[in-house]
Amino acid sequence: MPDTVTPDSTGQAVAAPYEPTGRTVPSRARERASYDREVVHSILDEGYLCHLGFVRDGAPVVLPTLFGRVGERLYVHGSTGSRPLRTAGASDPGLAVCLTVTLVDGLVLARSAFHHSMNYRSVVVHGVARTVTDPEERRVALDAIVDQVVPGRSQDSRPADAKELAATAVIRLDLDEVSAKVRTGGPNDEEADLALPYWAGVVPLAHGYAAPVPSDDLDPAVPVPDYLTAL
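Heads up: take any position in the sequence shown, counting from 1, add 1094, and you land on the working numbering.
Now the structure itself:
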């Protein structure tokens, strides 16, 4: 894995950008692409769900699933009975995958149907996924996946027992071949369309949390934890 820190012009250490590759340079709207490590991390850390793509029996498959980030690695978990996860268990060649995370920030409404769009932030990761077998790394990975949903939750729940761990596969994907893509701003209407009598602009989308709803069988004496009220 290449160095992730490099000095700037003042000698201060800064996160080195990811190196663009033929698979991470978009064919359209290249100006929206970013290889900035902090931008990539911020998008990943805000997401809940990733889509994991791979080829099975010669056909493409894309699965939505939870994930977690630890430094320059992403972890995804699933059943040990899953055929793609079993494939990732091979030390060579592992499982070639493409993993994506997308956040939608707004609906962009243009005067023309052609120029309708969305404001979004996305990350695409290419690489080879491999099964995690080291017990300590598996523990760290599973905690990261739980904390990706609600930070702090892994320390406020029962860890997986031996039976549950035996039924759970964890795969690791290094952040080597990575790019982000971001769209912001309003519609890109043609100049000839600006006088048309159609509303144009952006409908912002915001993620929010409602009050936690306790389980029907929860002991009333158990309080709502601080990490939930902080949301």
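We treat Cβ as the ideally placed atom computed from N, Cα and C, and that holds for glycine.
The structure displayed is predicted, hence computed values, not measured ones.
Among the options, whose alpha-carbon lies nearest the alpha-carbon of residue i?
i, options, result
"residue 1141", "1255, 1308, 1215 and 1232", "1215"
"residue 1213", "1325, 1273, 1277 and 1282", "1277"
"residue 1154", "1190, 1139, 1129 and 1125", "1190"
"residue 1274", "1115, 1109, 1126 and 1265", "1126"
If you follow the beta strand (DSSP E) that residue i is part of, which residue opens it and which one closes it?
i, result
"residue 1167", "1167 to 1173"
"residue 1260", "Residue 1260 -> not in any beta strand (DSSP E); alpha helix (DSSP H) instead, spanning 1256 to 1260."
"residue 1273", "1271 to 1277"
"residue 1296", "1295 to 1298"
Let me check one thing: in DSSP terms, what residues is residue i bridge-paired to?
i, result
"residue 1213", "1200"
"residue 1143", "1160"
"residue 1218", "1194 and 1273"
"residue 1267", "1168"
"residue 1290", "According to DSSP, which records beta bridges pairwise, residue 1290 is partnered with nothing at all."
Would you mind giving the Cβ-Cβ distance between residue i and residue j, rounded to the nearest angstrom? I have them listed as a contact below 8 Å.
i, j, result
"residue 1238", "residue 1162", "3 Å"
"residue 1272", "residue 1222", "14 Å between Cβ atoms; not a contact."
"residue 1199", "residue 1299", "6 Å"
"residue 1236", "residue 1167", "So it is not a contact: roughly 13 Å between Cβ atoms."
Tell me which same chain residues have a C-beta within less than 8 Å of the C-beta of residue i, skipping the five on either side of it?
i, result
"residue 1160", "1142, 1143, 1144, 1170, 1171, 1239, 1242 and 1243"
Please list the terminal residues of the continuous alpha helix (DSSP H) segment that includes residue i.
i, result
"residue 1115", "Neither: residue 1115 is in no alpha helix (DSSP H) and is coded neither H nor E."
"residue 1130", "First-last for residue 1130: undefined, no H or E at that position."
"residue 1233", "1229 to 1243"
"residue 1321", "1320 to 1323"
By Cβ distance below 7 Å, which residues in the same chain neighbour residue i in space, the five residues on each side in sequence not counted?
i, result
"residue 1148", "1155, 1178, 1189, 1190 and 1191"
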